[in-house]
Amino acid sequence: MSQYQKIIRGRDSLKKLPEMMEKLGIRKPMIIGMEPLTGTLLKKNPALLTCPVFSSFHPNPDLSDTTAGAELYLREGCDGLISIGGGSSIDTAKAIKAHLNAKSEDDVIHSRLAFERSCPHIAIPGTAGTGSEATQIAVVYVNGSKVSLNHAELKPDGVILDSALLESLPVYHKKSCALDALAQGIESYWSRGSNDDSKVHAYLAVIGVLDNLKAYLEGDPHAAAEMLDASFQSGKAIQITRTTAAHAMSYQLTKTMGIAHGHACMLTLPTLWEMMLDRDEMKETLQDLTEKMRLGDPRVVPKLLKGIVYDLEMTIPPVPDGQTLDELTDSVNVERLNNHPVALTREEIREAYRRSFTPLCENEKLACLDIWRYYGR
């Protein structure tokens, strides 16, 4: 069922949820999400007020959270899932669906899923960033370690893209989620797994963020709709290619420094781009992507990205001490690095972290800010 997603777009399209439920045969869903979005969903769809709501999960979902969710689903006799919120809500719903179709927790962890139980899932993103509504991957944690559940049937069966839901987001999360979508677009474009289809989605994600970010943060409704679609496109891109080194390097930054995921990705992405500038095998790809971004010289792109980070006033932590740099380096998921367009040694990863935290001199910072502030004029 999950191969072909049913999509409803448009401001206030949350009101069309019953229409999608009918198409997917859902009569008694379990709702996964947090306030205020779950309240908004129920207010616009009062017929669902008697349905169970599962909110007992962490921002980075633990597998035990999702076990409790599956137990509630069975106890209440539900026949489908509706997730609303960011990647954590959507990934929690995917993991609950995995539990419902696995014989053991070990089968869940290793994505050995039978799918003997029908459990259609409608994902309603409340952020413009993760693109989780478009992917078959769910990130959960087991004893503090990140695990990626991966199965074609975990891709949501239906998606509702209602940009009005973005209005309740805190400004920092709007910024970080936008950076996540931008990073996913860039990483997908240069990924070893890219193809013609993924590059279309990646291009739409990158341009969608760059062209609408300023207006989106100023509260423009049209820009919000465009940002939500750019995020969806970034999810469709990484569904094909998966992400690369910037994402692999971000998880420990989020864990140890308390910064949001997209923020962490965009700290290292400009440095990783700079490190590939002199690699002959990357010249064509970087030039192609530069031109897609309507810039002439690939050396300008990392400056543009740094300019965005500075303009958004995203914190750049000080350079960590040697022990912390080693811990960050050792945390990187080798599987994610296999998807990076060039091989990276341990020392190169460590150096990328160090350079990413090294502050620019004032003139360099101003140049980066100017490139971003005049972008698109």
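Residue numbers (the working numbering): 10 to 386. The beta carbon of each residue, even a glycine, is placed where N, CA and C say it ideally should be. Predicted model, so just to flag it, every value in this text is computed and none were measured.
Exercise for the section: Return the Cβ separation of residue 256 and residue 190 in integer angstroms, given the expectation that the two are a contact with Cβ distance under 8 Å. Expected result: With a Cβ gap of about 12 Å, residue 256 and residue 190 do not count as contacting.
Problem - Cutoff 8 Å; reference residue 306; Cβ partners in own chain excluding five residues on either side - result: If we look at residue 306 and ignore the five residues flanking it on each side, its Cβ neighbours are 299.
Handout entry: Option in 135, 158, 377 and 140 with minimal Cα separation from residue 105
Key = 158
Problem - 7 Å Cβ shell around residue 100 - same chain, five flanking residues per side excluded - result: 70, 141, 147, 148 and 149
Handout entry: Close beta carbons around residue 273, own chain, < 7 Å, minus the five adjacent residues each side
Key = 259, 262 and 263
Handout entry: residue 296, buried or exposed, once every other Cβ within 10 Å from all chains shown has been counted against 16
Key = exposed
Handout entry: residue 11 versus residue 288: straight-line alpha-carbon distance, rounded
Key = Low local confidence applies: a pLDDT of 44 at residue 11 is under 50, so the model's placement there is unreliable, and no value is given.
Handout entry: Of the listed residues 26, 75 and 72, nearest to residue 170 (C-alpha basis)
Key = 26
Handout entry: Spatial distance of residue 360 from residue 354 (CA atoms)
Key = 10 Å
Handout entry: Cα-Cα separation, residue 383 to residue 221
Key = 14 Å
Exercise for the section: Inspect the CB distances between the region 357-371 and the region 325-341 and report whether three or more fall short of 8 Å. Expected result: yes
Exercise for the section: For residue 161, count neighbouring Cβ atoms within 10 angstroms of its own Cβ and tell me buried if that reaches 16, exposed if not. Expected result: The residue in question, residue 161, is exposed, as its Cβ has fewer than 16 Cβ neighbours within 10 Å.
Handout entry: residue 279 beta carbon less than 8 Å from that of residue 314
Key = yes
Handout entry: Given 8 Å, three or more beta-carbon pairs between the region 179-187 and the region 214-231
Key = yes
Handout entry: Among 322, 283 and 92, the one whose alpha carbon lies nearest that of residue 62
Key = 92
Practice task
Would you check if there are 3 or more beta carbon pairs closer than 8 Å linking the region 192-208 to the region 245-256?
Solution key: yes
Practice task
May I ask you to verify whether the region 78-92 touches the region 49-63, counting CB pairs closer than 8 Å and requiring at least 3?
Solution key: yes
Exercise for the section: Could you tell me which residues DSSP puts in a beta bridge with residue 71? Expected result: 150
Practice task
Just tell me which of 42, 108 and 181 has its CA closest to the CA of residue 388.
Solution key: With the chain running from 10 to 386 in the structure shown, residue 388 is simply not present.
Problem - Any chain C beta carbon closer than 8 Å to residue 111 - result: You won't find chain C in this structure, because it holds only one protein chain.
Exercise for the section: Indicate the three-state DSSP secondary structure (helix, strand or coil) for residue 316 in the structure shown. Expected result: Helix.
Practice task
Starting from residue 363, trace the beta strand (DSSP E) both ways and give me its first and last residue.
Solution key: Premise fails: residue 363 lies in the alpha helix (DSSP H), 355-366, not in any beta strand (DSSP E).
Practice task
Can you give me the start and stop residues for the beta strand (DSSP E) that residue 323 sits inside?
Solution key: Where residue 323 is concerned, there is no enclosing beta strand (DSSP E), given that its DSSP letter is neither H nor E.
Exercise for the section: Would you give the residue range spanned by the beta strand (DSSP E) that residue 132 belongs to? Expected result: Looking at the DSSP string, the run of the beta strand (DSSP E) that includes residue 132 is 130-134.
Problem - residue 93 in three-state terms, based on DSSP - result: strand
Exercise for the section: Return the CA-CA distance between residue 173 and residue 97, expressed in angstroms with no decimal places. Expected result: 19 Å
Problem - Spatial distance of residue 175 from residue 281 (CA atoms) - result: 30 Å
Problem - Exposed unless 16 or more other CB atoms sit within 10 angstroms - verdict on residue 183 - result: buried
Exercise for the section: Identify every run of the alpha helix (DSSP H) within the region 148-206, keeping only runs that are complete inside it and at least 4 residues long; order them along the chain. Expected result: As far as the region 148-206 is concerned, its whole alpha helix (DSSP H) runs of at least 4 residues are 180-199.
Problem - Top-ranked residue by Cα proximity to residue 319, from 343, 373 and 114 - result: 373
Exercise for the section: Specify the secondary structure class of residue 268 as computed by DSSP and reduced to three states. Expected result: If DSSP states are grouped into helix, strand and coil, residue 268 belongs with coil.
Practice task
To the nearest angstrom, report how far apart residue 163 and residue 379 are at their CA atoms.
Solution key: 43 Å
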